[in-house]
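A.B. asks:
There are 2 protein chains.
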Amino acid sequence: MSKVHNFSAGPCILPPEVLSKASQSVIELGNHGLSLIEMSHRSAPFVEIMEKARNHVKELLNVPDGYTVLFLQGGASLGFYISAMNFMKEGGKAAYVDTGSWSNKAIKEAKLLGDVDVVASSEESNFNYIPKGYTVPSDVDYLHLTSNNTIFGTQIKEFPQSSVPVICDMSSDIFSKPVNVSDFALIYGGAQKNMGPAGTTFYIVKDELLGKTGRKIPSMLNLEVHKSKDSMFNTPPVFPVYVSMLMMEWMMEQGGVPEMERRNNAKAELLYGEIDRNPLFKGTTAVEDRSPMNATFVLTNESLKGEFDTMWNAAGISGIKGHRSVGGYRASMYNALPLESVQVLVDVMQELERKA
Amino acid sequence: MSKVHNFSAGPCILPPEVLSKASQSVIELGNHGLSLIEMSHRSAPFVEIMEKARNHVKELLNVPDGYTVLFLQGGASLGFYISAMNFMKEGGKAAYVDTGSWSNKAIKEAKLLGDVDVVASSEESNFNYIPKGYTVPSDVDYLHLTSNNTIFGTQIKEFPQSSVPVICDMSSDIFSKPVNVSDFALIYGGAQKNMGPAGTTFYIVKDELLGKTGRKIPSMLNLEVHKSKDSMFNTPPVFPVYVSMLMMEWMMEQGGVPEMERRNNAKAELLYGEIDRNPLFKGTTAVEDRSPMNATFVLTNESLKGEFDTMWNAAGISGIKGHRSVGGYRASMYNALPLESVQVLVDVMQELERKA
Numbered sequence: 001m002s003k004v005h006n007f008s009a010g011p012c013i014l015p016p017e018v019l020s021k022a023s024q025s026v027i028e029l030g031n032h033g034l035s036l037i038e039m040s041h042r043s044a045p046f047v048e049i050m051e052k053a054r055n056h057v058k059e060l061l062n063v064p065d066g067y068t069v070l071f072l073q074g075g076a077s078l079g080f081y082i083s084a085m086n087f088m089k090e091g092g093k094a095a096y097v098d099t100g101s102w103s104n105k106a107i108k109e110a111k112l113l114g115d116v117d118v119v120a121s122s123e124e125s126n127f128n129y130i131p132k133g134y135t136v137p138s139d140v141d142y143l144h145l146t147s148n149n150t151i152f153g154t155q156i157k158e159f160p161q162s163s164v165p166v167i168c169d170m171s172s173d174i175f176s177k178p179v180n181v182s183d184f185a186l187i188y189g190g191a192q193k194n195m196g197p198a199g200t201t202f203y204i205v206k207d208e209l210l211g212k213t214g215r216k217i218p219s220m221l222n223l224e225v226h227k228s229k230d231s232m233f234n235t236p237p238v239f240p241v242y243v244s245m246l247m248m249e250w251m252m253e254q255g256g257v258p259e260m261e262r263r264n265n266a267k268a269e270l271l272y273g274e275i276d277r278n279p280l281f282k283g284t285t286a287v288e289d290r291s292p293m294n295a296t297f298v299l300t301n302e303s304l305k306g307e308f309d310t311m312w313n314a315a316g317i318s319g320i321k322g323h324r325s326v327g328g329y330r331a332s333m334y335n336a337l338p339l340e341s342v343q344v345l346v347d348v349m350q351e352l353e354r355k356a
Numbered sequence: 357m358s359k360v361h362n363f364s365a366g367p368c369i370l371p372p373e374v375l376s377k378a379s380q381s382v383i384e385l386g387n388h389g390l391s392l393i394e395m396s397h398r399s400a401p402f403v404e405i406m407e408k409a410r411n412h413v414k415e416l417l418n419v420p421d422g423y424t425v426l427f428l429q430g431g432a433s434l435g436f437y438i439s440a441m442n443f444m445k446e447g448g449k450a451a452y453v454d455t456g457s458w459s460n461k462a463i464k465e466a467k468l469l470g471d472v473d474v475v476a477s478s479e480e481s482n483f484n485y486i487p488k489g490y491t492v493p494s495d496v497d498y499l500h501l502t503s504n505n506t507i508f509g510t511q512i513k514e515f516p517q518s519s520v521p522v523i524c525d526m527s528s529d530i531f532s533k534p535v536n537v538s539d540f541a542l543i544y545g546g547a548q549k550n551m552g553p554a555g556t557t558f559y560i561v562k563d564e565l566l567g568k569t570g571r572k573i574p575s576m577l578n579l580e581v582h583k584s585k586d587s588m589f590n591t592p593p594v595f596p597v598y599v600s601m602l603m604m605e606w607m608m609e610q611g612g613v614p615e616m617e618r619r620n621n622a623k624a625e626l627l628y629g630e631i632d633r634n635p636l637f638k639g640t641t642a643v644e645d646r647s648p649m650n651a652t653f654v655l656t657n658e659s660l661k662g663e664f665d666t667m668w669n670a671a672g673i674s675g676i677k678g679h680r681s682v683g684g685y686r687a688s689m690y691n692a693l694p695l696e697s698v699q700v701l702v703d704v705m706q707e708l709e710r711k712a
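Same order as they appear, the protein sequences are chains B and P. If you count the first sequence from 1, position 302 lands on 302 in the numbering used here, and the numbers rise without skipping. Counting the second sequence from 1 gives a position; the numbering used here is that position plus 356.
Written as structure tokens, this is what we have:
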């Protein structure tokens, strides 16, 4: 297979070791005589996989006692509704910080269940920064944040102090740096960035806050129900959970989340350094809010687009076309992306400068 | 790998050809230089896979114009709520036939949204038959059925005539025999029996019946939203959809649904024939309602249990322990199970008779 430098925004690059083990499991899991995907989810081997996956999250993030880890379905998109359903009281109110498309979608779903107070937004400047210094009313049921904005390339570097429970969609930067889980009532997100493939969604929820809304919650949207069944209320997404488990084992072997952070910072410094140095490029976001996961940038001279696109394509780079709502380029540098791939992109940027 | 005869009730046996292609895709999909699971779901190769998967359902089941096929997440368990959400009017009422655990769960979720009229039930005899000859009120929004009862081993052979829209959970017998889709408002089910691996859920919905409830439906539970986005409202479960597509291609290569039905009938005749002939065994359901997918049976002499269990284990048979609510044995004979595996089980049953 020709070497591809996969900067895809998600689903995204996974380590070759993980892909190799995942591929083998589809033929036969261990020595069980069966493929992973034709085995009962109640069988001992899969029950063990589910337990390991849940425990790996706890280990990697130092999840304190009193929290439950779940692997469900539906992506963060269903998580928007599930989080509101489980934390917004009947006739209640919640505060949301609007930092882009995904926050917006979360707000839309929450409005079906109660009052939403958008306490801060960067919409007026196309979400190119993270609002700070806003006030959260003390009478809301929770504050909802999006830690990393995949489309716009911004990241919350410091979470606000809050007297109300904080819920955070961490789909696109979970496991990229340490997080103090005890600051949160709920952390959730789709697996398909740093955690694994598409098809499962993680929830890290503070037990004592569940069951307080007064709502009748449908079983599949009820975190208490899933907690009581150890993520096996119904047939789980077997393969996505298994590959997530492998991906977490890979992270542990590599040195855990601190090592992921070190590598991610090195990659981000290399790319943002070039964006700032090279007169042909400029970043699209406030410098202090730049995401190490998704770097968004544009050409300062649009007439070079054709040449640049030809060059990075020829270098085996894939997935850096910017989202239509920002334009330009977006280089996603999730945990599994090697520094080498970022160097290839930087080399192409420098080559363009020499040619131009 | 040692030969296992996989009678698992779901997730269940898949054809070796499908497993082989699925395994390869995790290393590299086609010649795209990327694994299937690290590729954007908006990339041309995956968009084509999703389209093919949806079209294969239409081809295999002769789905008429005016119906949409969707691949979503959450299993039939979320489908219980989604189906009620999209078809039960505000302040509405629905009729349910209660044929076992899954019907029961569907009823429970529907009750959160309106009045449920259980028009027939076989609960009084532990669901060992399919109720017939019941009356469906003409003022309900829909009638809900479960075509095949995986746990109890019964199947609806003839769907009732109905003046109201019919919704059917076909999780465990879709593609096992032809179905007249135009008789239904909605057919849905988890993929993890005849369609593929766990992690995706199919919906076949009659377009003109959507959007008539007067409800505000959360985006991820709204079939109209998913229809408008061709099953790509959010990141789909890439791998489960791909393997489902492969499984449907396998069915088409084998001769389609009529050939699946022929094979399933041959397997069912062989096993039920032995259950009826062999004095050591008896079936647990009404003969006319027996499911060709899941054959439930018990020993007539419980003292032979240890010996029988040792024998079928030694023969490489896996997954025939009965569900705790029925006891005894359950042999699931989904599309991918070869007749040869059923013959091995029958041979063991006959050997037990000779020994006893």
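We put the beta carbon where it would ideally sit given N, CA and C, even for glycine. Note that the coordinates shown come from a computational prediction; the quantities given were computed from them, not determined experimentally.
Kindly say whether P/P367, judged by its beta-carbon, lies nearer than 8 Å to any beta-carbon of chain B.
C.D. replies: Chain B contact via Cβ: present.
A.B. asks: Using the C-alpha atoms, what's the distance from B/V69 back to B/T99?
C.D. replies: Approximately 26 Å, taken between the alpha carbons.
A.B. asks: Among the residues of its own chain, which have a CB less than 7 Å from the CB of B/I37, if the five just before and after it don't count?
C.D. replies: So the qualifying residues of the chain are V26, V238 and F239.
A.B. asks: Can you find the residues in the same chain that come closer than 6 Å, C-beta to C-beta, to B/G283, ignoring five residues on each side of it along the sequence?
C.D. replies: I275 and F297, listed in sequence order.
A.B. asks: Exposed or buried, B/D289, counting other C-beta atoms within 10 Å across all chains shown (16 or more means buried)?
C.D. replies: When all chains shown are included, B/D289 counts as buried.
A.B. asks: Since B/A315 and B/V344 should fall inside the 8 Å C-beta cutoff, what is the C-beta to C-beta distance between them, to a whole number of angstroms?
C.D. replies: Sure, about 5 Å apart at Cβ, within 8 Å.
A.B. asks: Using a beta-carbon distance below 8 Å, is P/L370 in contact with chain B?
C.D. replies: So yes, P/L370 belongs to the interface.
A.B. asks: In three-state DSSP terms, what is P/Q511?
C.D. replies: P/Q511: strand per DSSP, three-state reduction.
A.B. asks: Any beta carbon from chain B within less than 8 Å of P/F595's own beta carbon?
C.D. replies: It does: the Cβ of P/F595 has a partner Cβ on chain B nearer than 8 Å.
A.B. asks: With 16 other CB atoms within 10 Å as the buried threshold, where does P/M357 fall?
C.D. replies: Per-residue confidence for P/M357 stands at a pLDDT of 45, beneath the threshold of 50, marking its modelled position as unreliable; the derived number appears in the next sentence. Exposed, since its Cβ has fewer than 16 Cβ neighbours within 10 Å.
A.B. asks: Between the C-alpha atoms of B/N293 and P/P420, what's the straight-line distance to the nearest angstrom?
C.D. replies: Reading off the sequence, residue 293 of chain B comes out as Met, not Asn. Between B/M293 and P/P420, the C-alpha separation is close to 45 Å.
A.B. asks: Distance check for P/A432 and P/V475, CA to CA, integer angstroms please.
C.D. replies: Straight-line Cα distance between these residues: approximately 21 Å.
A.B. asks: Within the 8 Å Cβ cut-off, does B/Y329 reach chain P?
C.D. replies: So, not an interface residue.
A.B. asks: Are the C-beta atoms of B/D347 and some chain P residue less than 8 Å apart?
C.D. replies: Chain P contact via Cβ: absent.
A.B. asks: Nearest-angstrom Cα distance between B/L271 and P/A378?
C.D. replies: Looking at the two C-alpha atoms, the distance is approximately 35 Å.
A.B. asks: Examine chain B for any beta-carbon lying closer than 8 Å to the beta-carbon of P/P717, and answer yes or no.
C.D. replies: The shown model of chain P, from 357 to 712, leaves out residue 717 of chain P, and the question about it has no answer.
A.B. asks: Candidates B/M252, B/I320 and B/K267: which alpha carbon is nearest B/V18's?
C.D. replies: The shortest Cα separation from B/V18 among B/M252, B/I320 and B/K267 belongs to B/M252.
A.B. asks: Beta-carbon within less than 7 Å of P/P521's beta-carbon, same chain only, minus the 5 sequence neighbours each way: which residues are those?
C.D. replies: F443, Y498, A541 and L565.
A.B. asks: Could you confirm whether any beta carbon from chain B is found closer than 8 Å to the beta carbon of P/F653?
C.D. replies: Taking Cβ atoms only, chain B never reaches closer than 8 Å to P/F653, which makes this a no.
A.B. asks: Going by other Cβ atoms of all chains shown within 10 Å of its Cβ, with 16 needed for buried, is P/E407 buried or exposed?
C.D. replies: That one is exposed.
A.B. asks: From the beta carbon of B/V26, is the nearest beta carbon of chain P less than 8 Å away?
C.D. replies: So, interface residue.
A.B. asks: Please report the residue range of the alpha helix (DSSP H) in which P/T424 lies.
C.D. replies: Segment Y423 to L428 is the beta strand (DSSP E) holding P/T424; no alpha helix (DSSP H) there.
A.B. asks: Using a Cβ-Cβ distance under 8 Å, would P/M357 count as near chain B?
C.D. replies: Any reading at P/M357 must be qualified, since the residue scores a pLDDT of 45, below 50, and its modelled position is unreliable; no value is offered.
A.B. asks: Can you say whether P/S494 is buried or exposed, counting buried as having 16 or more other CB atoms within 10 angstroms of its CB?
C.D. replies: With fewer than 16 Cβ atoms within 10 Å of its Cβ, P/S494 is classed as exposed.
A.B. asks: Does chain P have any CB closer than 8 Å to the CB of B/I37?
C.D. replies: Yes, its Cβ sits closer than 8 Å to a Cβ of chain P.
A.B. asks: Return the Cβ separation of P/G447 and P/G422 in integer angstroms, given the expectation that the two are a contact with Cβ distance under 8 Å.
C.D. replies: About 28 Å separates the two Cβ atoms, so there is no contact after all.
A.B. asks: Run down chain P in chain order and give the residues with a C-beta less than 7 Å from the C-beta of B/G74.
C.D. replies: Near B/G74 (Cβ distances below 7 Å), the residues of chain P are Q429, G430 and M576.
A.B. asks: Does the distance from the C-beta atom of P/H388 to that of P/M604 stay below 8 Å?
C.D. replies: Not closer than 8 Å, so no.
A.B. asks: Should P/D563 go down as buried or exposed, given a rule of 16 or more other Cβ atoms within 10 Å for buried?
C.D. replies: P/D563 is exposed by the Cβ-count criterion.
A.B. asks: So does the segment 301 to 315 of chain B actually touch the segment 156 to 173 of chain B, counting three or more Cβ pairs closer than 8 Å?
C.D. replies: At 8 Å Cβ cutoff, the stretches do not touch.
A.B. asks: Return helix, strand or coil for P/H582, following the three-state DSSP convention.
C.D. replies: Correct three-state label for P/H582: helix.
A.B. asks: If you measure from the beta carbon of P/K661 to each beta carbon in chain B, is any gap under 8 Å?
C.D. replies: Not closer than 8 Å to any Cβ of chain B, the Cβ of P/K661 fails to qualify, so no.
A.B. asks: What residues in its chain sit with their C-beta under 6 Å from that of P/T666, if we drop five residues either side in the sequence?
C.D. replies: Closer than 6 Å at Cβ, skipping near neighbours: no residue.
A.B. asks: Could you give the distance in angstroms between the alpha-carbon of B/H5 and the alpha-carbon of B/V287?
C.D. replies: Cα to Cα, the separation comes out at about 25 Å.
A.B. asks: So, do the segment 479 to 496 of chain P and the segment 525 to 539 of chain P have three or more beta carbon pairs nearer to each other than 8 Å?
C.D. replies: These segments do not touch.
A.B. asks: Name the residue from P/V682, P/V698 and P/R680 whose alpha carbon lies nearest to the alpha carbon of P/S688.
C.D. replies: Among P/V682, P/V698 and P/R680, the Cα nearest to that of P/S688 is on P/V698.
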